[in-house]
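With the UniProt record's numbering applied, the sequence shown corresponds to residues 1 to 611, in that order. What follows is a short report on a single structure.
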Amino acid sequence: MRQFDSASFLKTVPHKPGIYQMFNDKQTIIYVGKAKDLNNRLKSYFNSSKKTLKTDRLVSHIHHVEFTITNTETEALLLEQTYIKKYQPRYNVLLKDDKSYPFIKLSKERHPQLSLYRGAINRKKDEFFGPYPSGYAVKQILALLQKTFPIRQCLDSTYRNRTRPCLQYQIKRCLGPCVPGLVSDEDYNEQVNYVRLFLSGRSEQIIQKITEDMHKASSELNFEKAAALRDQLQAIKHINEKQAIYNNNDNLDVIGFHYESGLACIYVLFIRNGQTFGHRSYFPKVPSNTELEEVIETFLGQFYLQGNQNRNIPQKILLNFSLSDKQAMEETLSIIAEHQVKLVDEPKGDNLKLLNIATVNAQTAVKNKLLENSTIKQRYDALKAFLGIDKITRMECFDISHFMGKNTIASCVVFDENGPVKSEFRRYNITGITPGDDYAAMEQVLRRRYNKKDLADEKVPDIIFIDGGKGQLNQALQVFEQLDVNWNKNHPILIGVAKGAERKEGLETLFFEAHGTGHYLDDRSPALLLIQQIRNASHDHAIVGQRKKGTKQLTDSALEHINGVGAKRRKALLNHFGGLRELKNASIDEIAQVQGISKPLAEKIYLNLQQ
């Protein structure tokens with residue numbers, strides 16, 4: 001690769017704010033950065049006295065550099081985050097956090113429903129509270145709300161088709177609005193208002209409101225309602241005592257950072273109205289020899305500026321790390337949040353206690369992760385020693401699943417040196433074979449997976465595990481002898497994993513060729529534990545796919561033979577009622593309410609389903 005002419009390039013770079021993109025010889029962006037002064041910043045990369053190991057490695061791969069001038073440093077910071085998210089450059093700190101953040105949705109209906117929600121927000125249609133750090137945090141809060149405020153959390157399809165109250169009504173966790181006469185709209189909306197206040201963090205107001213309602217019910221001699229409100233009041237006070245770790249009603253994020261042995265953890269504690277909204281540990285990908293300030297600065301940018309557009313940026317963010325250019329980050333966050341945001345790195349009092357909690361949790365998370373990684377490394381080292389190879393970069397495992405010969409699915413799972421690579425897990429629908437012929441199914445999936453002349457080197461596994469004994473392994477060996485693939489190295493090691501007696505783990509037999517005796521590993525062997533983990537992941541992946549396929553076919557087959565009901569009408573019927581069982585229980589008039597279903601067609605559907 002030709003050497004980059006930095007001296008000539010720097011003469012063209014202005015002393016203005018902006019971003020820069022560094023490319024390698026394959027025209028791939030390997031680094032994106034921002035600067036208050038582009039010339040000074042880029043000059044530092046080629047100044048030998050200021051180079052670090054990371055900079056040395058980065059500069060050695062530079063083919064050319066492009067830059068974009070911006071009006072302000074804030075604009076540069078926003079543009080930098082856009083490019084990092086889009087291109088995921090190799091030498092940038094990357095936060096693998098692509099999931100949208102969950103909200104609690106309160107629907108705007110006659111009888112509103114509470115539910116977990118991810119996706120675009122339409123506040124005209126529904127009310128939203130959040131975002132929360134994880135789906136688990138939302139589910140915990142929903143469970144808590146169901147015990148305290150008995151409003152419905154069932155699906156709309158279930159709610160619309162109930163004729164008698166469900167178990168939640170019997171155990172007093174729902175008022176049963178699905179059945180007429182069980183609760184008045186006024187009483188139901190009263191509970192909805194309590195939920196609205198609770199989720200808005202206005203605990204004092206809700207306690208005052210319930211107290212007033214309790215006294216009013218008592219004065220009207222409605223002692224049953226007064227007693228229920230009294231119990232509700234006690235439950236809310238108990239929740240507040242349990243959740244409140246902080247006397248002030250502040251909204252803030254508390255960020256504890258810890259870096260050790262090449263692993264960084266950023267622990268975020270979410271405080272809203274003085275109560276914990278949850279917490280989350282993040283492990284960003286950090287290139288070797290990266291400055292710690294870059295890790296923190298990039299995390300803040302990616303977490304708050306790249307994240308879900310509905311992310312609630314609090315007025316105060318506590319940090320256990322001081323940034324040299326704190327002002328630019330504060331200004332950018334303030335613009336996005338539309339209110340002033342302060343980064344506090346020297347808190348006092350209660351805020352200091354909260355920051356200490358976050359820091360200790362970050363340290364603990366790193367220690368646990370390093371321990372987990374050492375266990376994984378031990379297993380990989382044991383497998384390499386057992387197989388007599390120097391390196392394992394990629395392993396794949398195949399399994400076949402079917403139900404009495406039908407709905408055959410083949411699964412392929414991928415593991416690298418860090419464990420499962422779930423984004424590369426695949427399922428294959430197997431067709432055109434004799435029902436129940438696992439050998440033919442294995443042949444088909446291997447050909448579809450590997451019979452590609454343009455198969456990239458990094459996609460060629462070092463080891464392929466076949467869930468089965470000598471017969472399946474023999475089938476796989478025959479396929480590999482016939483594959484029209486130009487391997488740049490010998491084809492992968494093929495290992496058949498036969499189940500032990502009574503399918504007990506630890507008694508597996510490993511076959512390395514189509515004949516001869518199998519090999520056994522001690523049931524406590526780290527290598528065998530890794531093989532079991534891979535085989536189990538493949539088996540579970542296949543089973544889930546096979547069940548989904550079977551369920552879909554069962555549902556479709558009940559409607560497919562009805563004249564006039566095509567794919568669109570089947571989908572509309574199932575979406576409206578929530579499933580085949582609910583559709584079977586529906587009356588002709590209810591079926592006719594579905595868009596695209598006439599009264600005569602509804603009668604035909606009803607009669608066919610009853611038969």
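Where is the CB? At the ideal position from N, CA and C, for every residue including glycine. Every value quoted in this text rests on a predicted model; they were computed, and no experiment measured them.
Burial state of residue i, where buried means 16 or more other Cβ atoms lie within 10 Å
{"i": "residue 173", "result": "buried"}
{"i": "residue 122", "result": "exposed"}
{"i": "residue 435", "result": "exposed"}
{"i": "residue 110", "result": "exposed"}
{"i": "residue 319", "result": "buried"}
{"i": "residue 130", "result": "buried"}
{"i": "residue 607", "result": "exposed"}
{"i": "residue 401", "result": "buried"}
{"i": "residue 597", "result": "buried"}
{"i": "residue 70", "result": "buried"}
{"i": "residue 461", "result": "buried"}
{"i": "residue 443", "result": "buried"}
{"i": "residue 34", "result": "buried"}
{"i": "residue 411", "result": "buried"}
{"i": "residue 272", "result": "buried"}
{"i": "residue 388", "result": "exposed"}
{"i": "residue 612", "result": "Absent from the model: residue 612. The displayed extent of the chain is 1 to 611, so no value can be given."}
Cβ distance (whole Å) where residue i is taken to contact residue j below 8 Å
{"i": "residue 479", "j": "residue 358", "result": "With 8 Å as the limit, residue 479 and residue 358 do not qualify as a contact, their Cβ atoms being about 53 Å apart."}
{"i": "residue 343", "j": "residue 317", "result": "5 Å"}
{"i": "residue 455", "j": "residue 282", "result": "The Cβ separation is near 34 Å, so there is no contact."}
{"i": "residue 421", "j": "residue 538", "result": "Not confirmed; about 13 Å, so no contact."}
{"i": "residue 77", "j": "residue 332", "result": "5 Å"}
{"i": "residue 151", "j": "residue 112", "result": "7 Å"}
{"i": "residue 157", "j": "residue 582", "result": "6 Å"}
{"i": "residue 197", "j": "residue 209", "result": "7 Å"}
{"i": "residue 52", "j": "residue 289", "result": "6 Å"}
{"i": "residue 584", "j": "residue 592", "result": "The Cβ separation is near 15 Å, so there is no contact."}
{"i": "residue 471", "j": "residue 439", "result": "7 Å"}
Collapsed DSSP secondary structure at residue i in the structure displayed
{"i": "residue 456", "result": "coil"}
{"i": "residue 321", "result": "coil"}
{"i": "residue 242", "result": "Any answer about residue 242 is weak, because its pLDDT of 48 lies below 50 and its placement is not dependable; what the coordinates show is given next. Of the three classes helix, strand and coil, the one that applies to residue 242 here is helix, per DSSP."}
{"i": "residue 296", "result": "helix"}
{"i": "residue 420", "result": "strand"}
{"i": "residue 393", "result": "coil"}
{"i": "residue 231", "result": "helix"}
{"i": "residue 334", "result": "helix"}
{"i": "residue 103", "result": "strand"}
{"i": "residue 438", "result": "helix"}
{"i": "residue 138", "result": "helix"}
{"i": "residue 302", "result": "helix"}
{"i": "residue 342", "result": "strand"}
{"i": "residue 429", "result": "strand"}
{"i": "residue 215", "result": "helix"}
{"i": "residue 254", "result": "strand"}
{"i": "residue 247", "result": "In this prediction, residue 247 has a pLDDT of 49, which is less than 50 and means its spatial position is unreliable; what the coordinates show is noted afterwards. Residue 247: coil per DSSP, three-state reduction."}
{"i": "residue 576", "result": "helix"}
{"i": "residue 482", "result": "helix"}
{"i": "residue 411", "result": "strand"}
{"i": "residue 187", "result": "helix"}
Cβ neighbours of residue i in the same chain (closer than 7 Å, five flanking residues each side left out)
{"i": "residue 463", "result": "392, 395, 492, 493, 495"}
{"i": "residue 280", "result": "133, 134, 268"}
{"i": "residue 527", "result": "379, 382, 383, 386, 521"}
{"i": "residue 55", "result": "45"}
{"i": "residue 334", "result": "340, 341"}
{"i": "residue 61", "result": "24, 30"}
6 Å Cβ shell around residue i - same chain, five flanking residues per side excluded
{"i": "residue 73", "result": "17, 36, 328"}
{"i": "residue 425", "result": "413, 541"}
{"i": "residue 301", "result": "81"}
{"i": "residue 565", "result": "559"}
{"i": "residue 354", "result": "254"}
{"i": "residue 609", "result": "584"}
{"i": "residue 286", "result": "93, 264, 295"}
CB contact check: residue i to chain D, cutoff 9 Å
{"i": "residue 174", "result": "Of the chains in the structure shown, none is chain D; there is only one protein chain."}
Residues near residue i in its chain [Cβ-Cβ closer than 8 Å; skip 5 each side]
{"i": "residue 369", "result": "263, 265, 283"}
{"i": "residue 159", "result": "111, 113, 152, 177, 178"}
{"i": "residue 10", "result": "39, 42, 43, 46"}
{"i": "residue 190", "result": "213"}
Check your understanding: Are the segment 377-384 and the segment 530-539 touching by the rule of at least three beta carbon pairs closer than 8 Å?
Key -> Yes: at least three Cβ pairs fall under 8 Å.
**Study point:** Sufficient close CB pairs (3 or more, under 8 Å) joining the segment 104-122 to the segment 286-305
**Key:** no
Check your understanding: Should the segment 53-69 be called in touch with the segment 3-23, which here means at least 3 C-beta pairs below 8 Å?
Key -> In short, these stretches touch, since the Cβ pair count reaches three.
Check your understanding: Are the segment 444-451 and the segment 465-482 touching by the rule of at least three beta carbon pairs closer than 8 Å?
Key -> yes
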